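Enquirer: Right, I'll just put the structure down here and ask away after.
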Amino acid sequence: MQLSRRLDTLAKAVSPGHRIADIGTDHGFVPIVLVESGKCPGAIAADVHEGPLQRAKDHIKEVGLSDRIATKQTDGLDGIDPDDVDTVLIAGMGGSLMERILSDHPEFFAAGKEFVLSPQSEWFKIRKLLRRMSYRIIQEWFLFEDGKYYVVMKAGPIPDHDQISPVSSQERQDLEDLFGPYLLQVKDETLRSYMLLQRDKKKEILARLEREGVAWEKSAGLAQELRMVEKALAILSPKGEDKMRYCMECGTKLKERLLEKEGMVPYCEKCKTFRFPVFSTAVSMEVLNPARDKVLLIKQYGKDKYILVAGYVSKGENAEDTVVREVMEEVGLRVTGLHFEKSEYFAPSNTLMLNFSCVVESEDLSHIARDEIDYCRWFSFEEAKTYIAPGSLASRFLNRFLEKQEAIGESL
Ligand SMILES: [Zn+2]
1 MQLSRRLDTL AKAVSPGHRI ADIGTDHGFV PIVLVESGKC PGAIAADVHE
51 GPLQRAKDHI KEVGLSDRIA TKQTDGLDGI DPDDVDTVLI AGMGGSLMER
101 ILSDHPEFFA AGKEFVLSPQ SEWFKIRKLL RRMSYRIIQE WFLFEDGKYY
151 VVMKAGPIPD HDQISPVSSQ ERQDLEDLFG PYLLQVKDET LRSYMLLQRD
201 KKKEILARLE REGVAWEKSA GLAQELRMVE KALAILSPKG EDKMRYCMEC
251 GTKLKERLLE KEGMVPYCEK CKTFRFPVFS TAVSMEVLNP ARDKVLLIKQ
301 YGKDKYILVA GYVSKGENAE DTVVREVMEE VGLRVTGLHF EKSEYFAPSN
351 TLMLNFSCVV ESEDLSHIAR DEIDYCRWFS FEEAKTYIAP GSLASRFLNR
401 FLEKQEAIGE SL
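So for the sequence shown, the numbering used here puts the first residue at 1; every next one is plus one.
In structure tokens, the structure reads:
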């Protein structure tokens, strides 16, 4: 059975040898995979609705696991004995409902059961509840699939020797509830993508409210959310060499010196010059067909993932000219129109990426540069969302571009 990445992650999160209770089981896929693979000796598949439970029953029967997977029509954990379960798995419902289900049955926490939880909204409610119950998030996954972000938390009781852990500041605790202590600690790259989108959206809304002259009290909540997102982004930022240490002309060790309005800037005492950070500039493009309903994605350098056409800006060149040149060099097509979309600094390659959308003269891909591109093809916008390398800078640009297209489409 082929599971989606999210269901696969749920199954992966469950500890081996555990008997699971899958609450809101829907099709019963997760318990089937876990029991069929031998990872779990048995399971309870529960659902409050008759229809989904019947579907689960049919599937379980089809694969001949009716003796090891029991089905139960019940609301949440009602009527389930903690002694029959090692891991409680709940996915595919909102955070509030999940919080209610878990709060109704503290006996599962008291008994130290494992939880694997994937709330669809209000993630912070679940993280707060876990903390109240003296539980900790052992591991957490942040996924992007079919145009949506998902979180999966694996939680267990805090071991006794960790009970007197140093209390983190209120602010850090709030950040951890909102964005996940584990994800922040490991600087999760998908979470960072999500947060960058959140930051842009909130900024755009705030700017609009300001333009419309809406009283600041009304946007104060949103401004506070934006501050939290920016604080989390500061934690999630990969550590980059953002300041130069040696002079690029003479190699002398640089010293920091105060420059008016700029703050402390590296200074070369030999050249008597301030040395500002040096970085590369590149462009990436949503290349659109003449009808503007398909986008071109490519595979490059032997890597099995789809990205956008991109290239470095040469010294002395306009970024607009780079777009035209790179599209011609890489896919052999003439650009008939282009539009600047968004920029983002990419720390791993110390590059400022400028993203453009551009339209080309035809869909003909017979002139692609075989030495530069392994494979490329046209995708519908919906397809492109699922094929673009998840969590990548290219996916952030593409998703933002497609969201904008959808917003334009709706307003027409
Ligand atoms: Zn120097």
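Glycine is no exception: its CB is placed at the ideal position from the N, C-alpha and C atoms.
Source: prediction; values computed, not measured.
1) If you drop the 5 nearest sequence neighbours on each side, which residues of the same chain put their C-beta closer than 6 Å to that of Arg199?
2) How big is the Cα-Cα spacing for Gly110 and Lys128?
3) Alpha carbon to alpha carbon, how far is Ile298 from Leu333? Give it in angstroms, no decimals.
4) Is it buried or exposed for Lys272, if we count other Cβ within 10 angstroms and need 16 for buried?
5) Compute every distance between the C-beta of Lys203 and the non-hydrogen atoms of ligand 1, then say whether any falls below 6 Å.
6) Comparing the CB of Lys385 with every heavy atom of ligand 1, is any distance shorter than 6 Å?
7) Quick one: measure Cβ to Cβ for Phe115 and Val85, integer angstroms, because I've assumed they're closer than 8 Å.
8) Between the C-alpha atoms of Lys303 and Glu363, what's the straight-line distance to the nearest angstrom?
9) Could you tell me which uninterrupted beta strand (DSSP E) segments, each at least 3 residues in length, are contained entirely in the segment 362-405, listed from first to last along the chain?
10) Could you tell me if the beta carbon of Lys270 falls within a distance shorter than 6 Å of some heavy atom in ligand 1?
11) Taking Pro181 as part of the alpha helix (DSSP H), name the residues at either end of that continuous run.
12) DSSP on Thr74, reduced to helix/strand/coil?
13) On a Cα-Cα basis, can you pick out the residue from Ala282, Leu178, Lys270 that is closest to Arg227?
14) Does DSSP classify Val85 as helix, strand or coil?
15) Pick from Phe401, Gly263, Cys268, Ser37: whose alpha carbon is nearest that of Tyr246?
16) Rounded to whole angstroms, what is the Cα-Cα separation between Tyr182 and Val360?
17) Under 6 Å: does the beta carbon of Glu256 sit that close to some heavy atom of ligand 1?
18) Alpha carbon to alpha carbon, what distance is there between Glu260 and Tyr150?
19) Could you please give me the residues that DSSP links to Tyr267 through a beta bridge?
20) Out of Glu217, Ala234, Gly213, which one is the CA nearest neighbour of Leu175?
Expert: Reading from the atomic positions:
1) Val229
2) According to the sequence as given, residue 110 is Ala; it is not Gly. Rounded to the nearest angstrom, the two C-alpha atoms are 17 Å apart.
3) 14 Å
4) By the neighbour-count definition (other C-beta atoms within 10 Å, threshold 16), Lys272 is an exposed residue.
5) no
6) no
7) So it is not a contact: roughly 11 Å between Cβ atoms.
8) The straight-line gap from Cα to Cα measures roughly 24 Å.
9) 375-380
10) yes
11) From DSSP, the alpha helix (DSSP H) with Pro181 extends over 181-185.
12) coil
13) Residue Leu178 holds the alpha-carbon nearest to the alpha-carbon of Arg227 among Ala282, Leu178, Lys270.
14) coil
15) Cys268
16) 44 Å
17) no
18) 45 Å
19) Lys255, Phe274
20) Ala234
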